[in-house]
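Start counting the sequence shown at 1; every next residue gets the next number (the numbering used here).
Reviewing the structure listed below.
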Amino acid sequence: MLNNSSNKPGFIKLLRALSWIIPGNYLKTFIYLNCIHNVRKTLRNSLLSFYRMEHIYDVIKEFKAGYKGDFSILEFGVADGYTFTKMLYATKYLKMDERITVHGFDSFEGMPGTDDKRDGDLIANDGWVEGQFKTDFEKLQDYCKKHYRNFVFQKGYFEDSITDTVLDQLRPSPPILIWIDCDYYTSAKTVFERILPIIPSGCVIYFDEPEFNYGSRFTGESRIIHEINTGQFGEGIELVIDPSLSIMSKRIYRFINTNAELQYDRIEKLNSADELHRRTNDSPFP
Ligand SMILES: C[S@@+](CC[C@H](N)C(=O)[O-])C[C@H]1O[C@@H](n2cnc3c(N)ncnc32)[C@H](O)[C@@H]1O
Numbered sequence: 001m002l003n004n005s006s007n008k009p010g011f012i013k014l015l016r017a018l019s020w021i022i023p024g025n026y027l028k029t030f031i032y033l034n035c036i037h038n039v040r041k042t043l044r045n046s047l048l049s050f051y052r053m054e055h056i057y058d059v060i061k062e063f064k065a066g067y068k069g070d071f072s073i074l075e076f077g078v079a080d081g082y083t084f085t086k087m088l089y090a091t092k093y094l095k096m097d098e099r100i101t102v103h104g105f106d107s108f109e110g111m112p113g114t115d116d117k118r119d120g121d122l123i124a125n126d127g128w129v130e131g132q133f134k135t136d137f138e139k140l141q142d143y144c145k146k147h148y149r150n151f152v153f154q155k156g157y158f159e160d161s162i163t164d165t166v167l168d169q170l171r172p173s174p175p176i177l178i179w180i181d182c183d184y185y186t187s188a189k190t191v192f193e194r195i196l197p198i199i200p201s202g203c204v205i206y207f208d209e210p211e212f213n214y215g216s217r218f219t220g221e222s223r224i225i226h227e228i229n230t231g232q233f234g235e236g237i238e239l240v241i242d243p244s245l246s247i248m249s250k251r252i253y254r255f256i257n258t259n260a261e262l263q264y265d266r267i268e269k270l271n272s273a274d275e276l277h278r279r280t281n282d283s284p285f286p
């Protein structure tokens, strides 16, 4: 390997020169950490960090601009409605509240009890506890009724609340965004086992906690992503990361099912027999 200092990137050369003029290891370290490392980190984070409320607007805009019909947004794990009411407001702000119904699924009793290792915190045995996030459902419902009309709550444990009747009601307004925030692998598993038949390909699936246990595929929501992508929920079904929505996170996927029963209806078809990209000039300019 070449060890020629002229091959070093400009940034390293600049650091070498700076280091040369700063006296002593203490001052060199202090200046490096405070004037270089922290600045680089702040710039990186401000540009690339993920904020989970932004994509709600992106998804609604995408379906408003591109597709006909009515839609739904499904949230699994609502608690006090922190996200739920923000989603409702987004439909109102974007004038889609006549076309989108937001459905909230939760027991409202807080986290269920579990002793399943796949739900547990492997790092310090400090996982969610039974009853955590219990909320006053009546208060939440009253707040929503006062401000919005396009919502439905399905109160109960997922195994009881995601019924065939509920799924049939969702078919005419297929989901465009599914928000998984029920934390446990076992809860998310019940959700996907039930709702797979009503998810069209292209639907956005958001996971709130895929970083649990550093994103290990053995636990939590990451285990569901892994299981879906290794065919355990059926052949031809996968979650494809959406880099434009997910940015540097691994939280947002597009659902793909080669056998999906439902499809969206595009306003304008993307393809036609008379399409041709005509030559212009031969430079890189368009
Ligand atoms: C982290 S909280 C949801 C937070 C909420 N999305 C927000 O924006 O504040 C997780 C919720 O999932 C619910 N949950 C977890 N497993 C469930 C299950 N099997 N059935 C019903 N609700 C469940 C809990 O009751 C809890 O309210």
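Glycine is no exception: its CB is placed at the ideal position from the N, C-alpha and C atoms.
Which parts of the stretch 129-204 are runs of the alpha helix (DSSP H), unbroken and 4 residues or longer, counting only runs that do not cross its ends? 137-147, 158-161, 164-170, 185-195
Using the C-alpha atoms, what's the distance from Tyr82 back to Ser222? Position 222 of the sequence shown, counted from the start, is the residue given in the question as residue 222. Position 82 of the sequence shown, counted from the start, is the residue given in the question as residue 82. Spanning the two alpha carbons is a distance of roughly 23 Å.
Span separating the alpha-carbon of Leu47 from that of Glu238: For the purposes of this step, residue 47 is taken as residue 47 along the sequence shown, with counting starting at 1. For the purposes of this step, residue 238 is taken as residue 238 along the sequence shown, with counting starting at 1. Cα to Cα, the separation comes out at about 29 Å.
First and last residue of the uninterrupted beta strand (DSSP E) at Leu94: Taking the first residue of the sequence shown as position 1, residue 94 is located at position 94. No beta strand (DSSP E) holds Leu94; DSSP gives it neither H nor E.
From this set, Phe63, Asn34, Leu196, which residue's C-alpha is nearest Gln232's C-alpha? Stepping through the sequence shown from its first residue, residue 232 is reached at position 232. If we check each option's Cα against that of Gln232, Leu196 comes out closest.
Can you name the start and end residues of the alpha helix (DSSP H) that Phe11 belongs to? By 1-based counting over the sequence shown, the position of residue 11 is 11. Here the alpha helix (DSSP H) through Phe11 covers 10-21.
Give a yes or no on whether the C-beta atoms belonging to Phe212 and Val191 are separated by under 8 Å. Counting from one through the sequence shown, the residue named residue 212 turns up at place 212. Counting from one through the sequence shown, the residue named residue 191 turns up at place 191. Not closer than 8 Å, so no.
Apply the 10 Å Cβ neighbour rule to Thr165 and answer buried if 16 or more other Cβ atoms are within range, or exposed otherwise. On the sequence shown, position 165 is the one that residue 165 refers to. Counting Cβ neighbours within 10 Å, Thr165 comes out exposed, since fewer than 16 surround it.
Buried or exposed (CB count within 10 angstroms, at least 16 for buried), Phe218: In the sequence shown, residue 218 corresponds to position 218, counting from 1. Phe218 is exposed by the Cβ-count criterion.
Can you determine whether any heavy atom of ligand 1 sits closer than 7 Å to the C-beta of Glu54, and answer yes or no? Indexing the sequence shown from 1 puts residue 54 at position 54. Not under cutoff, so the answer is no.
With a threshold of 6 Å on Cβ separation, who are the neighbours of Met87 within its own chain once the five nearest residues in sequence on each side are excluded? Taking the sequence shown and counting its residues from 1, the one referred to as residue 87 is at position 87. These residues qualify, in order along the chain: Ile56, Ile73, Val102.
Does the stretch 112-124 touch the stretch 160-175, meaning 3 or more C-beta pairs lie closer than 8 Å? no
In three-state terms, what does DSSP make of Arg266? The residue given as residue 266 occupies position 266 in the sequence shown. Here Arg266 sits in strand by DSSP.
From this set, Gly234, Lys269, Pro210, Gly202, which residue's C-alpha is nearest Val240's C-alpha? Numbered from 1 along the sequence shown, position 240 holds the residue referred to as residue 240. It is Gly202.
Span of the alpha helix (DSSP H) holding Asn213? Along the sequence shown, read from residue 1 onward, the residue named residue 213 stands at position 213. Run containing Asn213: none; DSSP gives neither H nor E here.
Measure the alpha-carbon distance for Asp265 versus Asp274 and round it to whole angstroms. In the sequence shown, the residue the question calls residue 265 occupies position 265. In the sequence shown, the residue the question calls residue 274 occupies position 274. The alpha-carbon atoms of Asp265 and Asp274 are separated by roughly 21 Å.
beta-carbon Pro112 near ligand 1 non-hydrogen atom, thresh 7 Å: Locating residue 112 in the sequence shown gives position 112, counting from the first residue. Pro112 Cβ: within cutoff of ligand 1.
Please report how far the alpha carbon of Arg118 lies from the alpha carbon of Trp128, in whole angstroms. Here residue 118 is taken as the residue at index 118 of the sequence shown, counted from 1. Here residue 128 is taken as the residue at index 128 of the sequence shown, counted from 1. Their backbone Cα atoms lie some 12 Å apart in a straight line.
DSSP three-state call for Asn25: helix, strand or coil? For the purposes of this step, residue 25 is taken as residue 25 along the sequence shown, with counting starting at 1. Here Asn25 sits in helix by DSSP.
Cβ of Pro284 within 8 Å of Cβ of Lys250? The residue labelled residue 284 in the question sits at position 284 within the sequence shown. The residue labelled residue 250 in the question sits at position 250 within the sequence shown. Contact flag unset, no.
Where does Gly104 fall in DSSP's three states? Reading the sequence shown from its first residue, position 104 is the one you call residue 104. It is a strand residue.
Return yes when at least one heavy atom of ligand 1 lies under 7 Å from the C-beta of Tyr157, else no. One-based indexing of the sequence shown puts residue 157 at position 157. Yes, ligand 1 has a heavy atom inside 7 Å of this Cβ.
Span of the beta strand (DSSP E), counted from its first residue to its last, around Tyr253: In the sequence shown, counting from the first residue as 1, residue 253 sits at position 253. From DSSP, the beta strand (DSSP E) with Tyr253 extends over 252-257.
Classification of Glu75 by the beta-carbon crowding that lies within 10 angstroms, buried from 16 upward: Taking the sequence shown and counting its residues from 1, the one referred to as residue 75 is at position 75. With 16 or more other Cβ atoms within 10 Å, it is buried.
Using a Cβ distance threshold of 8 Å, determine whether the stretch 91-105 contacts the stretch 58-65, with at least three qualifying pairs required. yes
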